[in-house]
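Take a look at the structure below.
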Amino acid sequence: MSEEIIKAEGLTKVFNRHLTAVDHVNFSVKHGEIFGFLGPNGAGKTTTINMLITILKPTEGRASVLGFDVAKQDSNVRDVIGVVPQEYTADEDLTGLENVLLCADLYGIPRNIAKERAMELLKLVELTDFNDKKVQTYSGGMRRRLELACGLINRPKVLFLDEPTLGLDVQTRIATWDYIRKLKKEYDMTLFMTTHYLEEADALCDRVAIIDRGKIIVVGTPEELKHSLGGDLITLAIKENEDVSGLIQKVEHVKEVRKEDGAYRIKAEIGEITTPFIIEALRKKGYTVTKLSLTEPTLNEVYLEYTGKSIRDVEESREAFAAQRMTMRRARQ
Amino acid sequence: MSETNGNSKSKLHGIWALTNRELKKWYKAPVIFLLSIIQPVLWMGLLGKAMNIGALIPANIPGINPGAIMEQTLGTSDYFSFMAVGMIAFTALFTTMFSGMSVVWDRRLGFLNKALSTPVSRAVIIFSKVLSATLRSMFQAGIIIVIAVAFGLQFGATFTPLSILGVFAIMFLICVGLSSVFIAITIRSTRIETPMAVVSLINLPLMFASNAFFPTKFMPDWLQTIAQFNPLTYTTDAVRQLLIFNTNYTQLALDFAYVGIFAVIVAAIGIVLSWRFLSKQR
Numbered sequence: 001m002s003e004e005i006i007k008a009e010g011l012t013k014v015f016n017r018h019l020t021a022v023d024h025v026n027f028s029v030k031h032g033e034i035f036g037f038l039g040p041n042g043a044g045k046t047t048t049i050n051m052l053i054t055i056l057k058p059t060e061g062r063a064s065v066l067g068f069d070v071a072k073q074d075s076n077v078r079d080v081i082g083v084v085p086q087e088y089t090a091d092e093d094l095t096g097l098e099n100v101l102l103c104a105d106l107y108g109i110p111r112n113i114a115k116e117r118a119m120e121l122l123k124l125v126e127l128t129d130f131n132d133k134k135v136q137t138y139s140g141g142m143r144r145r146l147e148l149a150c151g152l153i154n155r156p157k158v159l160f161l162d163e164p165t166l167g168l169d170v171q172t173r174i175a176t177w178d179y180i181r182k183l184k185k186e187y188d189m190t191l192f193m194t195t196h197y198l199e200e201a202d203a204l205c206d207r208v209a210i211i212d213r214g215k216i217i218v219v220g221t222p223e224e225l226k227h228s229l230g231g232d233l234i235t236l237a238i239k240e241n242e243d244v245s246g247l248i249q250k251v252e253h254v255k256e257v258r259k260e261d262g263a264y265r266i267k268a269e270i271g272e273i274t275t276p277f278i279i280e281a282l283r284k285k286g287y288t289v290t291k292l293s294l295t296e297p298t299l300n301e302v303y304l305e306y307t308g309k310s311i312r313d314v315e316e317s318r319e320a321f322a323a324q325r326m327t328m329r330r331a332r333q
Numbered sequence: 001m002s003e004t005n006g007n008s009k010s011k012l013h014g015i016w017a018l019t020n021r022e023l024k025k026w027y028k029a030p031v032i033f034l035l036s037i038i039q040p041v042l043w044m045g046l047l048g049k050a051m052n053i054g055a056l057i058p059a060n061i062p063g064i065n066p067g068a069i070m071e072q073t074l075g076t077s078d079y080f081s082f083m084a085v086g087m088i089a090f091t092a093l094f095t096t097m098f099s100g101m102s103v104v105w106d107r108r109l110g111f112l113n114k115a116l117s118t119p120v121s122r123a124v125i126i127f128s129k130v131l132s133a134t135l136r137s138m139f140q141a142g143i144i145i146v147i148a149v150a151f152g153l154q155f156g157a158t159f160t161p162l163s164i165l166g167v168f169a170i171m172f173l174i175c176v177g178l179s180s181v182f183i184a185i186t187i188r189s190t191r192i193e194t195p196m197a198v199v200s201l202i203n204l205p206l207m208f209a210s211n212a213f214f215p216t217k218f219m220p221d222w223l224q225t226i227a228q229f230n231p232l233t234y235t236t237d238a239v240r241q242l243l244i245f246n247t248n249y250t251q252l253a254l255d256f257a258y259v260g261i262f263a264v265i266v267a268a269i270g271i272v273l274s275w276r277f278l279s280k281q282r
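Shown next, in the form of structure tokens:
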């Protein structure tokens, strides 16, 4: 088996002949890694995942999963992948166990094996106590875990997660990451996921591709991406009213100085060593430092740097979307 | 791969699981289940007993025999029997119309996409909808027959218990056909409103341009032409031949052939469409 579990070459999807959702995307995912697509709403993340899980045909280019072409050998692909969709797809009126067994039936797994696996998976996601309760009574986090269990029933080699923690609160989100890590380890899988949460990409992914308007802008480990920005960020303010940018710029390791709203934003390599030197230089000239902070770059800065916009801008519309979906689910009952 | 997956599956695997998922929503919800039984009873009471066409023919005029007139026009002297049997086709129409809606629901809730990413065949996904609507209608047809008998349905002279099996057979065919039609209408839809509008637009005309409530031979020519192509006409006729008429086997065979061909053609169209359009959303 090749090292490259997923490979996309010039993968493109055009809707209605003019809306290019995914635009000649190239990437590959190695065995055992968690690869994340990070980008705002409408960037093409879900469209990419839908092509990889064979429910959308690519307009152009090709992609393969475990060497099987997603367009030509789609049934081979479906056999070896697991999918955890963005939505809560479990049936409200059925119990947790019944839902997992329904998924097993879709894979044609014989009942006796299915039952054994279902109980094992429900134990791993800590739903054993609730397995005979209707899904109606489940919380958001429990529903997510149930979706995880369903996605793993066929022992997939590759698991696709589309926004695995969308709409969950922070604690539940962090707990869900733990489950994902645990399951990946238990079953030796390769994971492909999409997210618009920077913390999630940072905490969970081995490698991240930042995608914006259908194009991959940059790929790397979260560390690499952060380093590519050129170091840490020092913010300081002084009591005096003069511009000291030039003075700071002369300090060793300082790469860039910007004055914003009366404070100085300084990019510097190895911030914790450079900062004392900056303070020293300012003191010598008689300036008084009134405020100081040192931050290591986060993926938000990376995102800002490469796309020119903050991912937080799109967050709100996402939450609204999740709320709307919730309403729709209720409407069904 | 097979050693870890352990799945030995046929082309049709998952069909019962998906069908049962649909049926569970019905038989596990007592209210819905009860309503689906009450509905035909209401219709039968309203249309069959309220519109007593036989009473329109005055019995006290010398030389007029209402029973004989009814016999000649409807084929049976009892309008209730005529109507109650028409109700069976009516049930087929109104139960199957929801099969299309459930495709739209599954699409909106994401279940459809999830099912599409599993090895389940696309035709199976569609056929499970068809099958669940069919089984529901057949169950309701059984209830209607029982209730109609209780209300005074008069069986024809050639009636045997075997005729009931014939009714289920024709019901199976028409329901497979009709639900395939409704699914074909809704297969690309992401909104519930559009198919709702289309279905309610075609349902009643389809119902009344048939012989379900009124014999077609008294309809205007243009309507007769429509009724002649309407599979519901043949369904209703088959059920009448089986239950209340003196069975004309040539006519019965023709009915079965027509409805059977209709079912096969539209089901095939439904399956072809499912290959093309089930996953093409947005």
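So the sequences go chain by chain: A and B.
For the first sequence, the numbering used here assigns the number 1 to the initial residue and increments by one for each residue that follows.
For the second sequence, the numbering used here assigns the number 1 to the initial residue and increments by one for each residue that follows.
Yeah, the Cβ is synthetic: ideal placement off N, Cα and C, and Gly gets one too.
Beta-carbon proximity of residue i to residue j, cut-off 8 Å
| i | j | result |
| --- | --- | --- |
| A:G141 | A:G167 | no |
| B:S163 | B:T95 | no |
| A:V84 | A:E147 | yes |
| A:E60 | A:T12 | yes |
| A:T221 | A:H253 | no |
| B:I125 | B:A115 | yes |
| A:T190 | A:G44 | no |
| A:I174 | A:R117 | no |
| A:D243 | A:K259 | yes |
| A:L233 | A:R265 | yes |
| A:A237 | A:T295 | no |
| B:L74 | B:P215 | yes |
| B:T134 | B:F80 | no |
| B:T235 | B:A92 | yes |
| B:V130 | B:A267 | yes |
Residue i (DSSP reduced to helix, strand or coil)
| i | result |
| --- | --- |
| B:R21 | helix |
| B:F229 | helix |
| A:G220 | strand |
| A:A209 | strand |
| A:K284 | helix |
| B:G110 | coil |
| B:Y234 | helix |
| B:A169 | helix |
| B:D255 | helix |
| A:Y97 | Strictly speaking, residue 97 of chain A in this sequence is Leu, with Tyr absent from that position. Reduced to three states, the DSSP call for A:L97 is helix. |
| B:G177 | helix |
| B:T76 | coil |
| A:T295 | strand |
| B:G63 | coil |
| A:A268 | strand |
Residue i - containing alpha helix (DSSP H), residue span
| i | result |
| --- | --- |
| A:V302 | 299-307 |
| A:D232 | Taken as a continuous stretch (DSSP letters only), A:D232 belongs to no alpha helix (DSSP H), being part of the beta strand (DSSP E) at 232-238. |
| A:M193 | Here A:M193 belongs to no alpha helix (DSSP H); instead the beta strand (DSSP E) covers 190-195. |
| A:N353 | Absent from the structure is residue 353 of chain A, since the part of chain A shown begins at 1 and ends at 333. |
| A:S139 | First-last for A:S139: undefined, no H or E at that position. |
| A:R173 | 170-187 |
| A:V158 | Looking at the DSSP string, A:V158 is not in any alpha helix (DSSP H); the run it does join, the beta strand (DSSP E), is 158-162. |
| B:K28 | Looking at the DSSP string, B:K28 is not in any alpha helix (DSSP H), and its letter there is neither H nor E. |
| A:V70 | Neither: A:V70 is in no alpha helix (DSSP H) and is coded neither H nor E. |
The beta strand (DSSP E) enclosing residue i, as first and last residue numbers
| i | result |
| --- | --- |
| B:T216 | Premise fails: B:T216 is in no beta strand (DSSP E) and is neither H nor E. |
| A:S64 | 60-65 |
| A:T20 | 19-30 |
| A:K259 | 254-260 |
| A:V83 | 81-84 |
| B:V356 | The displayed coordinates of chain B run from 1 to 282. Any statement about residue 356 of chain B would go beyond what the structure contains. |
Presumed contact (8 Å Cβ cut-off) between residue i and residue j, rounded CB distance
| i | j | result |
| --- | --- | --- |
| B:A89 | B:A263 | Contact doesn't hold; Cβ gap of about 14 Å is too wide. |
| A:A201 | A:L38 | 5 Å |
| B:V103 | B:I183 | 6 Å |
| A:P156 | A:G67 | Contact doesn't hold; Cβ gap of about 15 Å is too wide. |
| A:I278 | A:V158 | The Cβ separation is near 48 Å, so there is no contact. |
| A:R144 | A:T176 | 6 Å |
| A:L225 | A:V208 | 6 Å |
| A:E9 | A:K30 | Not quite, the Cβ-Cβ distance comes to about 16 Å (not below 8 Å), so this is no contact. |
Cβ-heavy atom distance, residue i to the ligand FAD, below 7 Å
| i | result |
| --- | --- |
| B:V239 | Ligands are entirely absent from the displayed structure, and the ligand FAD is therefore not among its contents. |
request  = Take every Cβ of the region 43-62 of chain A, pair it with every Cβ of the region 80-88 of chain B, and state whether three or more of those distances are shorter than 8 Å.
outcome  = Flag = no, the region 43-62 of chain A and the region 80-88 of chain B do not touch.
inquiry  = Closer than 8 Å is the cut-off here; do at least three beta carbon pairs connect the region 193-201 of chain B with the region 211-231 of chain B?
reply    = no
message = Contact between the region 61-70 of chain B and the region 164-179 of chain B is defined here as three or more beta-carbon pairs at a separation below 8 Å; is this criterion met?
response = no
message = I want to know whether the region 146-163 of chain B touches the region 235-246 of chain B - three or more CB-CB distances under 8 Å.
response = yes
ask   = Is there contact here, the region 89-105 of chain A with the region 120-131 of chain A, by at least three beta-carbon pairs under 8 Å?
value = yes
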